[in-house]
Each structure stands twice: as C-alpha cells, then as structure tokens.
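Below: the structure, in structure tokens.
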Amino acid sequence: MTTSFYGYSSFYGEHCLRSSLEHIYARYLDYVNIGWTYEHKTHTLSNEVRYKPDFLLETGEYVEIKGAFNFTYDLPKVQLFQSEYNVKVTILQEKDLRQLIKPTPFVFEHLRQEWKSFAKVRGILSAFVGFNSKGT
C-alpha cells in the first residue's frame, strides 16, 4: 500500500505545516529574513466559501503554496479573496519553489526529506505504511 505525504503535517518551529512544499517555503523565508505567519486567519467570502491563505508575509502579501493547482476550484476562490480584501495573493507551485531556492545553500530534496523526518519523529506518519513514488 502506498500513501502520499500530501495531507499530512509536520512541525517547523511552532508551526504545524501541512506539506513538504510549505516546509520548504518557510525555511526559505527564514533564510532571507522575511517575517511570516502561517494560516493567519480564515476569511469568509461573499459566496460563503471559507478561505485560509497559507502564508501572510510581513509585507502584507499572501502566498498560497500548491503542489497541484486546480484552476477550476482554487483560482476563483483566490481571485474573489483578492478582490474582496484588496490584497495580492501569489501562488507558488513546486516548480516555482525549486527556482526560488536555487540561489540559496538549500537542496530541494534535502528539505523535503527534512520535512519527512520531522513528521516521523513526531509520530505523525507512524500509522502509514509507505510513501508515493514521487516521495511527496
């Protein structure tokens, strides 16, 4: 049986991050000294959909981390949030994160493994028997 890491959590400092990609982005933000909060607040949009952006940066910018972005479901929600709250949301996918950390001393796969190790140490993944073939 194979189980994906997506949907499981691991701690980075005091934050319980929901994906290895969020872990990688948090490590990057700390490296470049950009202050951030994780899942700062849940917003109820005019269509009654609730939306909780992944990161709020000290600059006031929101960042959404997506392994796979569903343009049919996710994009309208992000656009409505931007419109109603007059804010900017940047959507980063894995390919974007790989580019972002290139000039840093970080190695993408090492950070992903770090996240998995933290999850195992905390026992969060102890009930699961395997990982998917992508290692995510």
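Sequential numbering of the sequence shown, starting at 10, is according to our numbering.
For every residue, glycine included, the Cβ atom is placed at its ideal position computed from N, Cα and C.
Problem set entry | Cutoff 6 Å; reference residue 53; Cβ partners in own chain excluding five residues on either side | Here residue 53 corresponds to residue number 44 of the sequence shown, with the count starting at 1. Hits under 6 Å: 59.
Exercise. Is residue 93 helix, strand or coil when you go by DSSP?
Worked result: Position 84 of the sequence shown holds residue 93. Correct three-state label for residue 93: helix.
Exercise. Considering only the beta carbon of each residue, do residue 90 and residue 33 sit closer than 9 Å?
Worked result: Here residue 90 is taken as the residue at index 81 of the sequence shown, counted from 1. Here residue 33 is taken as the residue at index 24 of the sequence shown, counted from 1. No. Outside cutoff.
Exercise. When you compare each of 88, 98, 20 and 121 to residue 56 by their alpha carbons, which one comes out closest?
Worked result: For the purposes of this step, residue 56 is identified with residue 47 of the sequence shown, where counting begins at 1. Minimum Cα distance to residue 56 is reached at 88.
For this session: Could you work out which residue in 96, 121, 66 and 125 is closest to residue 44 when comparing CA atoms only?
Result: By 1-based counting over the sequence shown, the position of residue 44 is 35. With distances taken between Cα atoms, residue 44 lies closest to 66.
Problem set entry | Pairwise C-alpha distance: residue 81 and residue 140 | Within the sequence shown, the letter at position 131 stands for residue 140. Within the sequence shown, the letter at position 72 stands for residue 81. Unreliable placement is indicated for residue 140, whose pLDDT of 39 sits below 50; no coordinate value is reported for it.
Exercise. Once you ignore the five residues that flank residue 124 on each side, which residues in its own chain have a CB closer than 6 Å to its CB?
Worked result: Here residue 124 corresponds to residue number 115 of the sequence shown, with the count starting at 1. Counting only Cβ-Cβ distances below 6 Å, and skipping sequence neighbours, we find 19, 29 and 32.
Exercise. By Cβ distance, which residues of its chain are closer than 6 Å to residue 51, with the 5 residues on each side in sequence left out?
Worked result: Translated into positions along the sequence shown, residue 51 becomes position 42. The answer, listed in chain order, is 59 and 61.
Exercise. Beta carbon of residue 68: closer than 8 Å to some heavy atom of the ligand FMN?
Worked result: Of the ligands one can find in the structure shown there are none, so the ligand FMN has no counterpart to examine.
For this session: Check each candidate in 94, 49 and 64 and name the one with the smallest Cα separation from residue 37.
Result: Along the sequence shown, one-based indexing puts residue 37 at 28. Among 94, 49 and 64, the Cα nearest to that of residue 37 belongs to 64.
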